[in-house]
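Everything below concerns the one structure shown next.
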Amino acid sequence: MALEGERQFSKNAEPIGVDPKTIRVEDEYAFYSIRNAAIDRGKSIGMGERDIAEIDIVIRELLNNIISHGGKTGHVTISHLTEHSSSSLVLDVVDHGPGFKDFDNALLDGVSGTGSMGGGLPSVRRFAERVELVRSGPAGSHLRVVKRAAFTTEQENNWVFALFTRPHPGESECGDAGTMIRQDDTILLVLADGLGHGPKAAEASRKAVEVANNNHRLPLPDLVKVLHSELARTRGSALSLARIYPEHSRIDWLGLGNVSGSLFRPGVDSSESHQVFANYNGTIGVQLGAYRTIQYTYQKGDWLVLSTDGLTQRWQDVFYSSPTRTPHTIGREVLRVSSRKNDDSAILIGRSR
Ligand SMILES: [Mn+2]
Numbered sequence: 002m003a004l005e006g007e008r009q010f011s012k013n014a015e016p017i018g019v020d021p022k023t024i025r026v027e028d029e030y031a032f033y034s035i036r037n038a039a040i041d042r043g044k045s046i047g048m049g050e051r052d053i054a055e056i057d058i059v060i061r062e063l064l065n066n067i068i069s070h071g072g073k074t075g076h077v078t079i080s081h082l083t084e085h086s087s088s089s090l091v092l093d094v095v096d097h098g099p100g101f102k103d104f105d106n107a108l109l110d111g112v113s114g115t116g117s118m119g120g121g122l123p124s125v126r127r128f129a130e131r132v133e134l135v136r137s138g139p140a141g142s143h144l145r146v147v148k149r150a151a152f153t154t155e156q157e158n159n160w161v162f163a164l165f166t167r168p169h170p171g172e173s174e175c176g177d178a179g180t181m182i183r184q185d186d187t188i189l190l191v192l193a194d195g196l197g198h199g200p201k202a203a204e205a206s207r208k209a210v211e212v213a214n215n216n217h218r219l220p221l222p223d224l225v226k227v228l229h230s231e232l233a234r235t236r237g238s239a240l241s242l243a244r245i246y247p248e249h250s251r252i253d254w255l256g257l258g259n260v261s262g263s264l265f266r267p268g269v270d271s272s273e274s275h276q277v278f279a280n281y282n283g284t285i286g287v288q289l290g291a292y293r294t295i296q297y298t299y300q301k302g303d304w305l306v307l308s309t310d311g312l313t314q315r316w317q318d319v320f321y322s323s324p325t326r327t328p329h330t331i332g333r334e335v336l337r338v339s340s341r342k343n344d345d346s347a348i349l350i351g352r353s354r
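First residue of the sequence shown? That's 2 in our numbering, and the numbers climb one at a time after it.
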């Protein structure tokens, strides 16, 4: 919600998210196509019902501003980010109006600016983590809105997830990246560990997430083939894929390299059973040997954990001892106590309810 430091115009007018999709605004009916595309994208990055409802309101307000104050035409580019601790929806809104006369006031409740865009954008501010004025002036405005998915989402298929990443200490970018994609009755989980750390590692893992997002309907072995060819010009990445079929209590697993997966089943006498998934050797984009999908079954109440080798085995102790067992609290605690000092770290943790 903080706007401090974001009032200067950004140099970067290009969309900052991956897989950008641009929709023109020529009249108020553009609302429906933009809303639907944004909602689809929000769902694909794991947003829950509340986030989706808020996106609806945010887009309504942004479109109102284009129609009422922004010269009636423009375009909206929808993209997403999967960096840091969570996924975000990014909206780049460009109009052909006279620009903002008073951007700060436009974000306040009850302020009506006549003749300028921004006759009040309070809901945009309330429901988005970042609202940034990229450009304002007689040739139109460019507003960037970043809405982060809540850490955990609860949806009809009864899995709750949290994704946490942490960069190598001393690096600004994290070389590990992941995503959760809900599609029809399945959930695809992706966790990638770009080789090494720093910007080149981040480039590889981000690319992997982007390619997985764009090809998420493919069977897992086919998705690996596409990933392998698309990452050929990157440094390469270890990567694991899990596709959950809630109706069949089944997880299809395709693990490559050092991104591990496991199921935990809390026992009645506080003992836990732990099943570690099998991984094949290989580095996406560099070298792949033989691999196949392996099926596991789970029960209600089981936990699924994907993690990179930036976490020490101590994370299992945190898991067993954590008194407040939500994916969010456990994931955050695991990163805090068991991240290695010499690598990026990431955990994607979920619970079947
Ligand atoms: Mn690593």
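Here a beta-carbon is modelled for each residue, glycine too, at the ideal position from N, C-alpha and C.
Because the structure is a prediction, the values reported are computed rather than measured.
Next on the checklist: Please report the straight-line C-alpha distance between Ser173 and His198, rounded to a whole angstrom.
Outcome noted: 10 Å
Checklist entry - What's the gap between the Cα of Lys22 and the Cα of Ser80? => result 6 Å
Checklist entry - How would you write the range of the beta strand (DSSP E) that Pro267 sits in, first residue to last? => result Ser261 to Pro267
Checklist entry - Assuming Leu190 and Ala243 make a contact with CB atoms under 8 Å, what is their CB distance in whole Å? => result 4 Å
Checklist entry - Are the beta-carbon atoms belonging to Ile348 and Val338 less than 7 Å from one another? => result no
Checklist entry - With a CB to CB cut of under 6 Å and the five nearest residues on each side skipped, what residues in its chain are close to Ala213? => result Val191
Item to check | DSSP state of Leu219 mapped onto helix, strand, coil | outcome: coil
Checklist entry - Around ligand 1, which residues pass a check of Cβ closer than 6 Å to any of its heavy atoms? => result Asp194, Thr309, Asp310, Gly311, Asp344 and Asp345
Checklist entry - Okay, do the segment 130-142 and the segment 45-58 touch, 3+ Cβ pairs below 8 Å being the bar? => result no
Next on the checklist: With a threshold of 8 Å on Cβ separation, who are the neighbours of Gln363 within its own chain once the five nearest residues in sequence on each side are excluded?
Outcome noted: Lying outside 2 to 354, the shown extent of the chain, residue 363 is not represented and no answer is given.
Item to check | 3 or more residues per run - each beta strand (DSSP E) lying fully within the segment 227-305 | outcome: 238-246, 251-257, 261-267, 273-277 and 295-298
Checklist entry - Candidates Gly171, Leu221 and Val77: which alpha carbon is nearest Asp345's? => result Gly171
Item to check | Buried or exposed (CB count within 10 angstroms, at least 16 for buried), His169 | outcome: buried
Next on the checklist: By the three-class DSSP mapping on this structure, what secondary structure does Gln314 have?
Outcome noted: coil
Checklist entry - Thr83 and Val260: beta carbons closer than 7 Å? => result no
Checklist entry - Quick one: what's got a C-beta closer than 6 Å to Tyr281's C-beta in the same chain, skipping five residues either side? => result Leu257 and Tyr292
Checklist entry - Among Tyr246, Leu90, Gly98 and Thr313, which has the Cα closest to the Cα of Thr298? => result Tyr246
Item to check | Local conformation of Val112 per DSSP, three classes | outcome: Low confidence applies here, because Val112 scores a pLDDT of 46, under 50, leaving its location unreliable; read the following figure in that light. Looking at Val112 - three-state DSSP - the assignment turns out to be coil, as it is neither helix nor strand.
Item to check | Arg354 (DSSP reduced to helix, strand or coil) | outcome: coil
Next on the checklist: Could you tell me which whole beta strand (DSSP E) segments of length 3 or greater appear in the segment 183-218?
Outcome noted: 187-195
Item to check | Contacts around Arg36, its chain only, beta-carbon distance under 8 Å, and the 5 residues preceding and following it disregarded | outcome: Ile56, Asp57, Ile60 and Arg61
Next on the checklist: Distance check for Val77 and Arg145, CA to CA, integer angstroms please.
Outcome noted: 10 Å
Item to check | beta strand (DSSP E) segment containing Leu122, residue limits | outcome: Premise fails: Leu122 is in no beta strand (DSSP E) and is neither H nor E.
Item to check | Where Ser171 falls: helix, strand or coil (DSSP) | outcome: Ser is not the amino acid found at residue 171; the sequence shown has Gly there. It is coil, neither helix nor strand.
Item to check | Inter-residue spacing [alpha-carbon to alpha-carbon] between Gln276 and Ser263 | outcome: 5 Å
Checklist entry - Among Ser88, Gly47 and Asp96, which residue has its Cα nearest to the Cα of Ser69? => result Asp96
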